[in-house]
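The sequence shown begins at 1 in full-length UniProt numbering and counts up by one.
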Amino acid sequence: MSTLKVAIVGATGHTGASVVDGLLASETHFPKEITALSRESSINNAANQSLRERGVHVVPVDLTGPQQSLVDILTGIDIVISCIVAFSLQQQIPLAEAAKKAGVKRFVPCNFGTPAPRGIMWLDDQKYEVLDAIQRIYLPYTVIDVGWWSEQITPALPSGKTNHALLQNEGSRVIPGDGNVPVAFTSLPDIGIYVAKIIADPRTLNKKVLACTDVLTMNQAYDIMDELSGEKTVRQYRTAEALEGILDEVQESLSRNPEDRNAFIAKVVNEYYYSWGVRGDNQPKSAEYLGYLNFKELYPEVSGRTLKTVFTDILQGKSPGIHY
Numbered sequence: 001m002s003t004l005k006v007a008i009v010g011a012t013g014h015t016g017a018s019v020v021d022g023l024l025a026s027e028t029h030f031p032k033e034i035t036a037l038s039r040e041s042s043i044n045n046a047a048n049q050s051l052r053e054r055g056v057h058v059v060p061v062d063l064t065g066p067q068q069s070l071v072d073i074l075t076g077i078d079i080v081i082s083c084i085v086a087f088s089l090q091q092q093i094p095l096a097e098a099a100k101k102a103g104v105k106r107f108v109p110c111n112f113g114t115p116a117p118r119g120i121m122w123l124d125d126q127k128y129e130v131l132d133a134i135q136r137i138y139l140p141y142t143v144i145d146v147g148w149w150s151e152q153i154t155p156a157l158p159s160g161k162t163n164h165a166l167l168q169n170e171g172s173r174v175i176p177g178d179g180n181v182p183v184a185f186t187s188l189p190d191i192g193i194y195v196a197k198i199i200a201d202p203r204t205l206n207k208k209v210l211a212c213t214d215v216l217t218m219n220q221a222y223d224i225m226d227e228l229s230g231e232k233t234v235r236q237y238r239t240a241e242a243l244e245g246i247l248d249e250v251q252e253s254l255s256r257n258p259e260d261r262n263a264f265i266a267k268v269v270n271e272y273y274y275s276w277g278v279r280g281d282n283q284p285k286s287a288e289y290l291g292y293l294n295f296k297e298l299y300p301e302v303s304g305r306t307l308k309t310v311f312t313d314i315l316q317g318k319s320p321g322i323h324y
């Protein structure tokens, strides 16, 4: 196989950095052929300088600028991977249109989350709109979802041993529903490893793939931390009824003030919780119904960092968790 030339949007974010790491470490034809597409205002920041030192080409780009400049940048690129920030998803549409004109062979839109049907989550519906735009122009694509990040569910302990790895917003450290719904989990560093396998595989072209390491209920996940720590995890449940009430309240707030950012973030977060914690959308059998291929069936030889490993590293101070 000839070397594949890959361009990444958002290469310095959480997901993008994992993708860069995975491609550089891959045995599959990526080293020295990676281009990071960066905003002009960030082109000389420390994160981009670090990418250059690792052999990544960093190119300034304006996704809202003239299409021809995007076409020129993407000409000669085989694969475009978008790890754009969540609230700029619509900017992928002009990027996809330019990719089509440039002859890009595979476009990976910014999913990298939990699968769900349309109409369940506002953020997911934005991703579906991007996919619709991709399919309207017959641009070759691969959608990759990875479930919920393992590091995001780190439980609190009475001793405080996990405090350094907890989500800063205590309201986000909850168990949705009754905690007995299976959930797909992937450790953030493994996303890039999985992506490197998927994008080099002709079987995944014009397909959706769910890549995950563990499928566990939240209660099972917390039980693992109990066992590893010798303590009893702090368990804060948010029932289906409570989630529905929160979503009604934030929707009312947004109807009064569409610019209420706190209400908007609460809407996005609690829609996620309801989707995977109550409905059970984020698990392989649900994804299969929605047309996803199963990463583990495609690549049974590939293994990632289990939740037990993630929690062990956190308890030993080897992992800082994820912070926004």
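Glycine residues also receive a C-beta, built at the ideal position from the N, C-alpha and C atoms.
As the structure is a computational prediction, the values presented were derived from the model and not from experiment.
Residue i, enclosing beta strand (DSSP E) - first and last residue
i	result
residue 106	106 to 108
residue 139	Here residue 139 belongs to no beta strand (DSSP E), and DSSP marks it neither H nor E.
residue 80	79 to 82
residue 50	Taken as a continuous stretch (DSSP letters only), residue 50 belongs to no beta strand (DSSP E), being part of the alpha helix (DSSP H) at 46 to 53.
residue 286	Careful: residue 286 lies outside any beta strand (DSSP E), inside the alpha helix (DSSP H) at 284 to 289.
Cβ-Cβ distance between residue i and residue j below 8 angstroms
i	j	result
residue 295	residue 209	yes
residue 306	residue 204	no
residue 181	residue 217	yes
residue 165	residue 321	yes
residue 92	residue 110	yes
residue 11	residue 51	yes
residue 186	residue 314	no
residue 242	residue 250	no
residue 280	residue 219	no
residue 145	residue 107	no
Proximity test, residue i beta-carbon vs the ligand SAH heavy atom, cut-off 7 angstroms
i	result
residue 77	With respect to the ligand SAH, the structure shown offers nothing to examine, as it has no ligands at all.
First and last residue of the uninterrupted alpha helix (DSSP H) at residue i
i	result
residue 156	Per DSSP, residue 156 belongs to no alpha helix (DSSP H) and is neither H nor E.
residue 98	92 to 102
residue 325	Any question about residue 325 goes unanswered here, given that the chain covers just 1 to 324.
residue 8	Element bounds for residue 8: not the alpha helix (DSSP H) but the beta strand (DSSP E), 6 to 9.
Close beta carbons around residue i, own chain, < 6 angstroms, minus the five adjacent residues each side
i	result
residue 240	177 and 278
residue 22	192, 193, 195 and 196
residue 48	38 and 58
Residues near residue i in its chain [Cβ-Cβ closer than 7 angstroms; skip 5 each side]
i	result
residue 206	140 and 141
residue 86	123
residue 43	58 and 60
residue 229	157, 161 and 315
Neighbourhood of residue i by C-beta, 8 angstroms cutoff - its chain only, sequence neighbours within 5 removed
i	result
residue 94	63, 64, 67 and 70
residue 244	274
residue 156	162, 163, 166, 173, 233 and 234
Query raised in the report: Which parts of the stretch 199 to 262 are runs of the alpha helix (DSSP H), unbroken and 4 residues or longer, counting only runs that do not cross its ends?
Result: Entirely contained in the stretch 199 to 262, the alpha helix (DSSP H) runs reaching 4 residues are, in chain order, 218 to 229 and 240 to 256.
Requested in this report: Decide if the stretch 223 to 237 is in contact with the stretch 60 to 68; the criterion is three or more beta carbon pairs, one per stretch, under 8 angstroms apart.
Outcome: Verdict: no, contact absent.
Report task. Determine, using beta-carbon pairs with one atom in the stretch 9 to 20 and one in the stretch 188 to 200, whether at least three such pairs fall under 8 angstroms. Result -> A contact exists between the stretch 9 to 20 and the stretch 188 to 200.
Query - Inter-stretch contact at 8 angstroms, needing at least 3 Cβ pairs: the stretch 125 to 133 / the stretch 148 to 167 - result: Output reads no: the stretch 148 to 167 does not touch the stretch 125 to 133.
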